[in-house]
Amino acid sequence: MKQRPIKKNDLTAYMFIAPQLILFVVFFLVPAAMGVYAAFTKWDIFSPQMPQFVGFDNFREILFNSESTYYRFFRTGFTNTVIFVLISVPIGIVLPLLMAIAINNKPFGHKFFQSLFYMPTVLSISTVILIWYYMFNKNLGLINNFFHTKINWIGIQPYAWIAIVLVTVWWTIGTNMVIYLAALNGVSKDVLEAADVDGAGPVKKFFSIVIPSIRNQLAYTVVLTTVAQFNIYGQPLMLTSGGPNNSTNVLLMVIRDLAFPSFGGKSISGLASAMALMLGIVMIIIALLQYKFVGDEE
Amino acid sequence: MKRKIGLGKTLAFVFCLIFAVIWIAPLSQSLMTSLKSEKEIKMSGYSFLPQNPTIESYTDLFSTRSDSTPILKWFGNSLLTSTAFTILVLVISSTSAFAYARLDFKGKNALFGILMATMVFPSVINLIPLYKICAAFNMINTKWALILPGASGAFNIFLIRQFMLGIPKELDEAARIDGASWFQIYWRIMLPLCAPVLTVVGMFAFTGSWNDFLWPTLVISNVDKMTITPGMQILKGTYDVYPSHAMAGGIISVIPTFVLFLFAQKYFIKGMQLQSAVKG
Numbered sequence: 001m002k003q004r005p006i007k008k009n010d011l012t013a014y015m016f017i018a019p020q021l022i023l024f025v026v027f028f029l030v031p032a033a034m035g036v037y038a039a040f041t042k043w044d045i046f047s048p049q050m051p052q053f054v055g056f057d058n059f060r061e062i063l064f065n066s067e068s069t070y071y072r073f074f075r076t077g078f079t080n081t082v083i084f085v086l087i088s089v090p091i092g093i094v095l096p097l098l099m100a101i102a103i104n105n106k107p108f109g110h111k112f113f114q115s116l117f118y119m120p121t122v123l124s125i126s127t128v129i130l131i132w133y134y135m136f137n138k139n140l141g142l143i144n145n146f147f148h149t150k151i152n153w154i155g156i157q158p159y160a161w162i163a164i165v166l167v168t169v170w171w172t173i174g175t176n177m178v179i180y181l182a183a184l185n186g187v188s189k190d191v192l193e194a195a196d197v198d199g200a201g202p203v204k205k206f207f208s209i210v211i212p213s214i215r216n217q218l219a220y221t222v223v224l225t226t227v228a229q230f231n232i233y234g235q236p237l238m239l240t241s242g243g244p245n246n247s248t249n250v251l252l253m254v255i256r257d258l259a260f261p262s263f264g265g266k267s268i269s270g271l272a273s274a275m276a277l278m279l280g281i282v283m284i285i286i287a288l289l290q291y292k293f294v295g296d297e298e
Numbered sequence: 299m300k301r302k303i304g305l306g307k308t309l310a311f312v313f314c315l316i317f318a319v320i321w322i323a324p325l326s327q328s329l330m331t332s333l334k335s336e337k338e339i340k341m342s343g344y345s346f347l348p349q350n351p352t353i354e355s356y357t358d359l360f361s362t363r364s365d366s367t368p369i370l371k372w373f374g375n376s377l378l379t380s381t382a383f384t385i386l387v388l389v390i391s392s393t394s395a396f397a398y399a400r401l402d403f404k405g406k407n408a409l410f411g412i413l414m415a416t417m418v419f420p421s422v423i424n425l426i427p428l429y430k431i432c433a434a435f436n437m438i439n440t441k442w443a444l445i446l447p448g449a450s451g452a453f454n455i456f457l458i459r460q461f462m463l464g465i466p467k468e469l470d471e472a473a474r475i476d477g478a479s480w481f482q483i484y485w486r487i488m489l490p491l492c493a494p495v496l497t498v499v500g501m502f503a504f505t506g507s508w509n510d511f512l513w514p515t516l517v518i519s520n521v522d523k524m525t526i527t528p529g530m531q532i533l534k535g536t537y538d539v540y541p542s543h544a545m546a547g548g549i550i551s552v553i554p555t556f557v558l559f560l561f562a563q564k565y566f567i568k569g570m571q572l573q574s575a576v577k578g
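As you go down the protein sequences, you meet chains A and B in turn.
Quick note on our numbering: the first sequence kicks off at 1 and runs consecutively.
Quick note on our numbering: the second sequence kicks off at 299 and runs consecutively.
Here's what the structure looks like:
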């Protein structure tokens with residue numbers, strides 16, 4: 001890199017980037033660095049005391065000390081989060097893909113269907129839960145009344161997970177659907193017609209032409225969806241409160257409870273930061289996998 | 299051949315119709331429940347349609363009686379916060395994108411590289427320290443804590459810069475010769491031409507801010523200062539006793555983003571597709 005002195009023009013440019021850069025440093029870079037450092041400290045964010053460096057103690061505590069309560073919290077939270085990811089991601093890929101294919105067939109009202117399926121993504125999680133909580137109501141909810149069942153949706157497994165996944169799918173899959181719609185638009189009509197001439201059926205065409213042509217978007221949405229679902233928080237918090245028996249108590253709820261205890265308890269921010277860092281590293285790894293997959297096939 | 303296509307369309311239609319029913323059901327049930335009186339819900343058990351439709355849940359929520367769930371106040375707070383946030387995002391992202399697209403300065407590539415690299419950084423890691431920083435600036439329980447921290451998102455800069463790179467350089471070179479300053483070029487030439495991408499960024503900024511849930515519950519504990527999205531959690535607490543009111547509150551809370559979606563859905567969809575094209 002060649003060095004050159006700062007010129008007058010540079011100052012103009014710095015004026016243009018300064019507002020964003022200042023906010024970026026203060027509210028992103030500094031807390032990001034602090035967040036990584038805090039994982040190696042004992043820290044109560046509500047006390048004026050500085051974080052106290054403890055090396056890898058927090059990680060030893062949450063990963064290996066099976067006697068510790070925090071070990072159990074982390075394990076439960078992480079396992080539940082992974083369970084949710086494993087159930088919701090495949091549905092969050094396949095269902096919107098099917099919807100996109102159906103809409104791409106241009107049936108009657110396809111514009112309306114597209115808007116309708118996309119619409120929940122503009123709602124907030126708390127409103128979505130408020131609305132769905134009533135759907136799942138044992139006596140007054142539409143679901144039990146429609147199917148003539150008396151299921152305690154949010155209080156018993158596996159119904160609690162089914163409810164959480166159903167709500168998540170309803171809320172989020174519009175995003176992937178519109179991405180697939182754009183991708184399907186780019187699938188070559190010529191190649192499809194050539195396949196018709198060769199007598200290829202719809203299933204064969206789907207797997208040997210359509211899927212390969214949209215593989216970049218598929219890789220992108222798999223990563224995007226997985227990372228997004230690792231962030232699960234609002235659905236179990238408001239729908240099941242982490243129950244029954246902590247079976248839907250996800251990691252972000254654990255982290256929040258430790259760092260920001262609700263009844264004025266002591267904030268255990270160092271340990272919570274270690275858990276957050278673990279979760280963050282998992283997400284970064286998944287995000288980086290995308291580049292590998294996409295890169296390999298180009 | 300013709301018949302096969304017809305069959306495909308019919309299958310597609312049936313498939314879409316089934317899901318359309320599932321998609322509409324929760325919203326329509328909320329709307330119907332909000333139009334019942336609390337008495338009707340308790341007395342007559344389940345029915346989809348209200349027997350005696352009434353808007354008393356809405357008028358109740360708007361009246362000053364609901365001190366524990368001041369919906370109108372939350373709505374106002376949200377409107378103010380999200381609008382301020384959107385304006386801030388548009389201003390700082392577009393000025394910065396302009397510099398990265400058009401100006402030459404020391405450290406440009408390094409800075410832009412850092413900005414782009416941070417896009418994969420998960421926000422869960424800086425959540426806890428961010429609270430501490432906001433507390434240090436005395437922003438807890440103020441709107442600043444909801445407006446400033448999220449505004450510097452790098453992806454917005456990337457999108458706007460990409461768009462600006464597509465605008466012919468001859469335009470600003472001609473303006474330079476006529477003696478225009480860089481600020482005039484930014485304000486008079488670039489911003490108007492960037493209207494489409496600014497609309498996309500602005501809409502995502504507004505909806506994102508309106509729908510933000512976890513962060514506001516950390517930094518706003520004062521009920522009167524709360525925004526409507528965390529407010530819905532409090533409202534849900536009253537649901538067992540007042541389901542109709544809770545549903546009315548839910549309906550009210552979706553109005554701004556829903557209306558935005560109705561009028562500008564092509565921008566939302568463009569925005570999503572733009573992101574996937576860029577990152578995919």
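Quick reminder that beta carbons are idealized off the backbone N, C-alpha and C, glycines included.
Legend entry - CB-CB length for residue 393(B) against residue 507(B), believed under 8 angstroms: In fact, because the Cβ distance is near 20 angstroms, the residues do not count as touching under 8 angstroms.
Legend entry - Whole-number beta carbon distance between residue 379(B) and residue 515(B), since they are thought to touch under 8 angstroms: That belief does not hold up - the Cβ atoms of residue 515(B) and residue 379(B) are roughly 14 angstroms apart, past 8 angstroms.
Inset, instruction - Check whether the Cβ of residue 562(B) lies closer than 8 angstroms to any Cβ atom in chain A. - result: no
Inset, instruction - Report the neighbours of residue 175(A) on chain B: residues whose CB is nearer than 7 angstroms to its CB, in chain order. - result: 570
Inset, instruction - Tell me, please, whether the CB atom of residue 450(B) is closer than 8 angstroms to any CB atom in chain A? - result: yes
Inset, instruction - Just grab the DSSP bridge partners of residue 53(A) for me. - result: 41(A)
Inset, instruction - Measure from the alpha carbon of residue 480(B) to the alpha carbon of each residue in 345(B), 397(B), 359(B), 320(B), then state which is nearest. - result: 397(B)
Inset, instruction - Would you please verify whether the beta carbon of residue 250(A) is less than 8 angstroms from any beta carbon of chain E? - result: Of the chains in the structure shown, none is chain E; the protein chains are A and B.
Inset, instruction - Taking 8 angstroms as the cut-off, decide whether the C-beta atoms of residue 101(A) and residue 113(A) are in contact. - result: no
Legend entry - Nearest candidate by alpha-carbon position, reference residue 348(B), set 338(B), 403(B), 356(B), 354(B): 338(B)
Inset, instruction - Quick one: list the residues of chain A neighbouring residue 306(B), beta-carbon separation under 7 angstroms, in chain order. - result: 105
Legend entry - Of the listed residues 253(A), 288(A), 184(A), nearest to residue 273(A) (C-alpha basis): 253(A)
Inset, instruction - Let me know the alpha helix (DSSP H) ranges lying completely inside the region 194 to 229 of chain A, each 4 residues or longer, listed in chain order. - result: 202 to 205
Inset, instruction - Would you verify that the beta carbon of residue 31(A) is, or is not, closer than 8 angstroms to some beta carbon of chain B? - result: yes
Inset, instruction - Leaving aside the five residues before and after residue 555(B) along the sequence, list all residues of the same chain whose C-beta is less than 6 angstroms from its C-beta, in chain order. - result: 505, 508
Inset, instruction - Could you tell me the distance, in whole angstroms, from the CA atom of residue 242(B) to the CA atom of residue 450(B)? - result: The structure shown has nothing for residue 242(B), since chain B only spans 299 to 578.
Inset, instruction - For the region 122 to 134 of chain A and the region 232 to 252 of chain A, state whether three or more C-beta atom pairs, one from each stretch, are separated by less than 8 angstroms. - result: yes
Inset, instruction - Flag residue 23(A) as yes if its beta-carbon sits less than 8 angstroms from any beta-carbon of chain B, otherwise no. - result: yes
Inset, instruction - Mind listing the chain A neighbours of residue 548(B)? Cutoff is C-beta to C-beta under 8 angstroms, in chain order. - result: 127, 130, 131
Inset, instruction - Answer with yes or no whether the minimum CB distance from residue 314(A) to chain B is below 8 angstroms. - result: Outside the shown range of chain A, which is 1 to 298, sits residue 314(A), and nothing can be said about it.
Legend entry - Secondary structure of residue 471(B), DSSP reduced to three states: helix
Legend entry - Interface residues of chain A facing residue 390(B) [CB-CB closer than 8 angstroms]: 19, 20, 23
Inset, instruction - Identify every run of the alpha helix (DSSP H) within the region 433 to 505 of chain B, keeping only runs that are complete inside it and at least 4 residues long; order them along the chain. - result: 442 to 445, 452 to 463, 467 to 475
Legend entry - Closest Cα partner of residue 120(A) within the set 377(B), 564(B), 552(B): 552(B)
Legend entry - Nearest-angstrom Cα separation, counted from residue 58(A) out to residue 68(A): 11 angstroms
Legend entry - Neighbour flag for residue 311(B) against chain A, beta carbons, 8 angstroms: yes
Legend entry - Per-residue burial, residue 308(B) [other beta carbons within 10 Å of its own, 16 or more giving buried]: exposed
Legend entry - Cβ neighbours of residue 140(A) in the same chain (closer than 8 angstroms, five flanking residues each side left out): 134
Inset, instruction - Please compile the residues from chain A whose C-beta is within a distance smaller than 7 angstroms of the C-beta of residue 545(B). - result: 134
Inset, instruction - Quick one: grab the DSSP three-state call for residue 513(B). - result: helix
Inset, instruction - Let me know if residue 156(A) comes out buried or exposed under the rule of 16 or more other beta-carbons within 10 Å of its beta-carbon. - result: exposed
Inset, instruction - Residues of the region 362 to 387 of chain B with a CB closer than 7 angstroms to any CB of chain A: list them in chain order, please. - result: none
Legend entry - Endpoints, the alpha helix (DSSP H) within which residue 301(A) is located: Residue 301(A) lies beyond the stretch modelled for chain A, which goes from 1 to 298, so this question has no answer here.
Inset, instruction - List the residues of chain A that residue 540(B) touches, going by C-beta distances under 9 angstroms, in chain order. - result: Those within 9 angstroms of residue 540(B) in chain A number zero; the least Cβ separation is about 12 angstroms.
Inset, instruction - Determine the extent of the alpha helix (DSSP H) in which residue 253(A) is found, giving its start and end residues. - result: 251 to 259
Inset, instruction - Measure the Cβ-Cβ separation of residue 62(A) and residue 71(A) and say whether it is below 8 angstroms. - result: yes
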